[in-house]
Amino acid sequence: MDRIASLARALRRHPRLAVLFLGAVGVAVMLGLRVTFAPAVAPAAVQGWMTPGYVVRAYGIDRDALAALLGVEPGSLRGRTIAEIAGATGRPEAELIVAIEALRPGPPE
Amino acid sequence: MTEALLALVPTHGAALVAIATFLSCLALPVPSSLVMLAGGAFAAAGDLGLAAVAGAALGGAVAGDQAGYALGRAGPVRRLGRLSPALMAEARGRLARGGWGAVFLTRWLFSPLGPWVNLAAGMTGMPWRRFSSASAGGEAVWVAIYTGLGWIFMDRIDALGASLGQAAGAASAALIAFLAGRALLRAGRRAARG
Chain A
16 MDRIASLARA LRRHPRLAVL FLGAVGVAVM LGLRVTFAPA VAPAAVQGWM
66 TPGYVVRAYG IDRDALAALL GVEPGSLRGR TIAEIAGATG RPEAELIVAI
116 EALRPGPPE
Chain B
281 MTEALLALVP THGAALVAIA TFLSCLALPV PSSLVMLAGG AFAAAGDLGL
331 AAVAGAALGG AVAGDQAGYA LGRAGPVRRL GRLSPALMAE ARGRLARGGW
381 GAVFLTRWLF SPLGPWVNLA AGMTGMPWRR FSSASAGGEA VWVAIYTGLG
431 WIFMDRIDAL GASLGQAAGA ASAALIAFLA GRALLRAGRR AARG
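Taken in sequence, the protein lines are chains A and B. Heads up, the first sequence is in the numbering used here, so the first residue is 16 and it goes up one at a time. Heads up, the second sequence is in the numbering used here, so the first residue is 281 and it goes up one at a time.
The following block contains the structure:
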């Protein structure tokens with residue numbers, strides 16, 4: 016009780032420190048709740064910033080099938096994004112993504 | 281914005297990672313954590329080399345810390361300390377007692393506070409060797425955590441970046457609340473005695 020009384024007295028006497036304390040508590044609680052209740056989930060669909068290597072590993076797409084779709088040797092597109100590949104081959108990005116999505120393995124039976 | 285940034289990582293590689301960590305250590309609003317996560321993820325995908333990504337991140341971060349420290353030592357910034365000699369004396373005392381731990385922990389656990397601790401260390405004249413060893417050790421932990429998590433959770437770096445940023449913000453706010461609360465309690469006790 017002594018501590019609470021001391022804190023209440025200090026809050027009144029040091030308004031700037033009190034604002035800092037209460038503000039920091041508020042920010043900590045708000046961010047803590049957001050971290051707790053917003054789990055990090057994977058994006059549902061393939062996106063333009065991803066590379067062929069990325070989608071092979073993240074979505075379990077067959078490397079050779081993807082290389083055949085893109086018309087290249089497996090592993091020859093290191094460091095290039097799907098958006099860049101679409102631009103270079105003259106295919107609409109959305110269309111290429113749909114074709115890559117079709118290569119994703121289905122759910123296990 | 282996030283997607284445009286993520287698209288730059290595989291094409292610009294280690295150089296982009298180094299620039300991002302360097303600028304973030306100077307308190308510039310650069311999403312260096314997300315860039316490091318992406319570096320780890322693209323290393324797992326085979327687009328980048330993990331050692332190159334981690335080395336660039338560490339080099340950029342340590343150079344950024346050194347720049348912040350040097351800025352704090354520079355005349356114009358140091359003269360700001362004269363505005364509040366009592367606060368400077370308090371900061372000098374605290375950094376002399378627990379400075380190594382403060383610098384080490386603000387590299388990764390309380391990372392939003394890191395750039396300000398760099399300036400404070402320079403302004404208060406914290407010994408350079410002490411500062412540098414804590415900075416290098418802390419940054420190595422920061423880089424290992426973020427590139428490692430990017431490698432392991434490569435399929436969810438975007439969401440993970442947001443969560444880790446919020447977690448570091450929550451930890452920093454909790455630390456500030458703890459320090460401010462302790463100062464208030466002490467002030468309350470002093471007033472009760474007086």
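All C-beta atoms, glycine included, are put in the ideal place defined by N, C-alpha and C. Because the structure is a prediction, the values reported are computed rather than measured.
For residue i, I'd like the list of residues in its chain whose CB is within less than 8 Å of its CB, leaving aside the five on either flank, ordered along the chain.
i	result
L444/B	S313, L317, Y426 and L429
L288/B	L296
E108/A	G63, I97, A98, A101 and G102
G94/A	T66
L375/B	A382, A400, A401, T404 and M406
Quick one: Cα of residue i to Cα of residue j, how far?
i	j	result
L35/A	I456/B	8 Å
A447/B	G38/A	17 Å
L111/A	I97/A	8 Å
L286/B	G335/B	19 Å
W64/A	L351/B	36 Å
L330/B	F52/A	31 Å
R49/A	R106/A	40 Å
A114/A	V61/A	10 Å
R410/B	G355/B	21 Å
S412/B	V421/B	14 Å
H292/B	T404/B	38 Å
P311/B	A454/B	22 Å
P58/A	R436/B	7 Å
E13/A	S91/A	The displayed coordinates of chain A run from 16 to 124. Any statement about residue 13/A would go beyond what the structure contains.
L26/A	P392/B	26 Å
R359/B	V70/A	53 Å
E419/B	W388/B	7 Å
F458/B	A43/A	11 Å
P309/B	A300/B	9 Å
D327/B	M45/A	37 Å
L22/A	A460/B	11 Å
W408/B	G417/B	14 Å
A323/B	D438/B	16 Å
P30/A	A467/B	12 Å
V89/A	A325/B	Here the sequence assigns Pro to residue 89/A, which means Val is not the residue at that position. In a straight line, the C-alpha of P89/A is about 13 Å away from that of A325/B.
L32/A	A294/B	42 Å
R24/A	E283/B	50 Å
V423/B	G378/B	23 Å
Within a Cβ cutoff of 7 Å, which residues of the same chain sit near residue i, ignoring the five residues on either side of it in sequence?
i	result
P395/B	C305, L306, A307 and G348
P120/A	G75
G449/B	P392
Buried or exposed, going by whether 16 or more other CB atoms sit within 10 Å of the CB of residue i?
i	result
F302/B	buried
P290/B	buried
S452/B	buried
L85/A	buried
G41/A	exposed
P67/A	buried
V56/A	exposed
R462/B	exposed
A73/A	buried
G441/B	buried
A83/A	exposed
T104/A	exposed
Considering only residues of the same chain and omitting the five flanking positions on each side of residue i, which have a CB-CB separation below 6 Å?
i	result
G320/B	T427, G430 and W431
A414/B	W380, V383 and F384
A298/B	A336, G339 and G340
G402/B	Y349, G352 and R353
R372/B	T404
Any contact between the region 461-474 of chain B and the region 59-79 of chain A? By contact I mean 3 or more CB pairs, one from each, below 8 Å.
no
Curious, which full-length beta strand (DSSP E) runs of at least 3 residues does the region 373-454 of chain B contain?
none
Okay, do the region 397-409 of chain B and the region 339-348 of chain B touch, 3+ Cβ pairs below 8 Å being the bar?
yes
Give the list of continuous alpha helix (DSSP H) stretches no shorter than 4 residues that lie fully inside the region 70-98 of chain A.
78-85
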